[in-house]
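Numbering (my numbering), first residue to last: 35 to 474. We put the beta carbon where it would ideally sit given N, CA and C, even for glycine.
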Amino acid sequence: MRMYDIIRKKRDHSTLNASEIDYWIQNYVQGQIPDYQSAAMLMACYLNGLDEREMLFLTQSMVASGEKMDLSAITGIKVDKHSTGGVGDKTTLVFAPLMAALGFKVAKMSGRGLGHTGGTLDKVASLPGFHDDFYGQDFLDLVQNNGLAIIGQSKELVPADKLLYALRDVTATVDSIPLIAASIMSKKIAMSSDILILDVKFGNGAFMKTPEKAVELAQAMVEIGLESDIKTAAIISNMESPLGNCIGNSLELYEAVQTLRGQGPDDLSKLTLVLVKEVLSMAGKKQELEKAEEYIKNGFACEKLLQFLQAQGADISSLHKEAKFPLASYQIRCLADESGFVRSLPAEQVGMLAMRLGAGRQKKEDKIDPLAGIVLLKKPGDWVEKGEPLAIIHTNHEDLGQKAAIDLQKIFGIADEKPVLPPMIYGTVSESGVVIDGYK
Ligand code: URA
Numbered sequence: 035m036r037m038y039d040i041i042r043k044k045r046d047h048s049t050l051n052a053s054e055i056d057y058w059i060q061n062y063v064q065g066q067i068p069d070y071q072s073a074a075m076l077m078a079c080y081l082n083g084l085d086e087r088e089m090l091f092l093t094q095s096m097v098a099s100g101e102k103m104d105l106s107a108i109t110g111i112k113v114d115k116h117s118t119g120g121v122g123d124k125t126t127l128v129f130a131p132l133m134a135a136l137g138f139k140v141a142k143m144s145g146r147g148l149g150h151t152g153g154t155l156d157k158v159a160s161l162p163g164f165h166d167d168f169y170g171q172d173f174l175d176l177v178q179n180n181g182l183a184i185i186g187q188s189k190e191l192v193p194a195d196k197l198l199y200a201l202r203d204v205t206a207t208v209d210s211i212p213l214i215a216a217s218i219m220s221k222k223i224a225m226s227s228d229i230l231i232l233d234v235k236f237g238n239g240a241f242m243k244t245p246e247k248a249v250e251l252a253q254a255m256v257e258i259g260l261e262s263d264i265k266t267a268a269i270i271s272n273m274e275s276p277l278g279n280c281i282g283n284s285l286e287l288y289e290a291v292q293t294l295r296g297q298g299p300d301d302l303s304k305l306t307l308v309l310v311k312e313v314l315s316m317a318g319k320k321q322e323l324e325k326a327e328e329y330i331k332n333g334f335a336c337e338k339l340l341q342f343l344q345a346q347g348a349d350i351s352s353l354h355k356e357a358k359f360p361l362a363s364y365q366i367r368c369l370a371d372e373s374g375f376v377r378s379l380p381a382e383q384v385g386m387l388a389m390r391l392g393a394g395r396q397k398k399e400d401k402i403d404p405l406a407g408i409v410l411l412k413k414p415g416d417w418v419e420k421g422e423p424l425a426i427i428h429t430n431h432e433d434l435g436q437k438a439a440i441d442l443q444k445i446f447g448i449a450d451e452k453p454v455l456p457p458m459i460y461g462t463v464s465e466s467g468v469v470i471d472g473y474k
């Protein structure tokens with residue numbers, strides 16, 4: 035077999051078989067195939083697509099490039115969640131403790147934020163002492179004892195994805211549905227949970243700009259999950275504007291805590307409960323949804339979050355009910371320069387602004403400021419009076435904050451008419467097919 039022939043085959047719209055795809059992936063990971071041939075192959079896949087079988091073969095081959103996590107020693111139903119990324123997306127920090135409170139086990143490998151999107155690890159690492167470097171039995175013990183553990187990306191799991199993603203990043207081949215589906219699902223399959231819930235986002239702040247494209251990506255991933263014996267479903271959710279009110283790592287952690295105490299923003303609470311409901315349905319435990327609501331009311335779900343954070347070394351004193359939550363040195367108000375309804379608040383621009391404040395990274399090596407961020411006081415659909423605050427900028431650099439307040443004011447779209455807003459949830463993709471419920 036020669037890499038040249040495999041590239042030519044895909045270039046000419048032919049379908050690749052499992053051994054051709056495996057030849058590419060394994061030899062690339064072992065350094066036998068140069069970057070320029072893999073780059074050409076990625077572009078051929080990007081332009082001509084992969085069918086369902088090819089996508090599955092690519093995913094399986096990527097999984098086989100490394101080790102698989104063995105969770106079999108953990109008792110109970112193992113659940114994993116993945117979001118395709120967004121601004122203000124702290125859903126994992128509400129969802130995972132809630133699932134742990136319900137008796138499920140969540141063994142989660144999470145990433146750090148890059149560009150306008152945040153990462154769960156940065157949010158939990160905003161607490162002093164938190165660490166994510168647990169391996170082998172230590173990680174399994176954490177999951178078993180606390181119902182939940184979050185670790186960083188492991189070098190041993192799916193090394194092919196790390197190499198391919200870096201190459202896609204510089205060859206304009208990231209936004210391809212088959213390549214994204216194989217990249218995400220290879221990591222999920224390597225984690226070997228029983229149930230996987232995907233939060234596939236669409237809109238301004240998401241990879242997929244339209245709900246139809248998000249459904250297409252969700253269908254590809256759900257198909258791969260089911261073929262790999264993982265009960266998989268996807269919720270298609272809106273990322274036109276940020277999720278919740280807080281953007282920035284420690285602010286988002288605080289908002290997750292508040293949501294687990296029943297005092298969170300409606301969109302975040304609703305999305306989390308929709309994800310929980312879908313998992314309960316896959317587990318045949320639909321009747322337990324009431325318990326989830328009860329565990330929010332009686333504080334048990336919040337205790338689960340604190341228990342997990344403490345078990346991973348975090349100082350949780352600032353998260354206790356009566357404690358004072360640490361804030362950045364400056365809180366600068368962003369004021370409305372006219373009265374009207376907030377018509378739009380594009381997530382990507384808000385995320386980029388938060389990144390410039392230090393809440394995110396432009397490059398992987400950049401350091402973040404855990405206290406930097408934005409608290410939104412107005413969201414699309416809200417009325418604002420001229421001179422009223424739209425948001426508060428949290429920063430340790432006054433000049434940066436003053437400039438951000440001016441820039442943020444321009445990002446808010448204000449109109450005379452109350453806008454008709456698309457629903458938070460567009461639909462569900464599962465074994466039973468696609469249900470578009472949001473737009474009825
Ligand atoms: N997230 C991933 O893990 N992979 C992609 O290709 C895109 C988003």
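Collect the residues with a C-beta less than 5 Å away from any heavy atom of ligand 1 and give them in sequence order along the chain.
I214, S217 and I218
Please tell me whether Q297 has its Cβ less than 9 Å away from any Cβ of chain D.
Although the question refers to chain D, the structure presented lacks it and comprises just one protein chain.
Three-way DSSP call (helix, strand, coil) for M143 in this model
strand
Helix, strand or coil for M133 per DSSP?
helix
Distance, Cα to Cα, D104 vs S226?
7 Å
C-beta contact flag for G83 and I231 at 9 Å:
no
Residues near V158 in its chain [Cβ-Cβ closer than 6 Å; skip 5 each side]:
F164
By the three-class DSSP mapping on this structure, what secondary structure does N272 have?
strand
With which residues is Q365 paired in a DSSP beta bridge?
H428
Expected contact under 8 Å - CB spacing of D475 and I459 to nearest Å:
Outside the shown range of the chain, which is 35 to 474, sits residue 475, and nothing can be said about it.
Hey, quick one: how far does the beta strand (DSSP E) through R377 stretch, first residue to last?
G374 to S378
Buried or exposed: E54, going by 16 or more other Cβ atoms within 10 Å of its Cβ?
buried
Beta strand (DSSP E) segment containing L410, residue limits
G407 to L410
So, at 8 Å on beta carbons, what are the nonlocal neighbours of F168 in its own chain, with the 5 sequence-adjacent residues on each side left out?
L176, A183, I185 and Q346
Exposed or buried, S117, counting other C-beta atoms within 10 Å across all chains shown (16 or more means buried)?
buried
Whether or not the stretch 247 to 257 and the stretch 284 to 299 are in contact is what I'm after, with contact meaning three or more pairs of Cβ atoms, one per stretch, closer than 8 Å; do they touch?
no
Residue closest to K115, alpha-carbon to alpha-carbon, out of L379, G278 and I264:
I264
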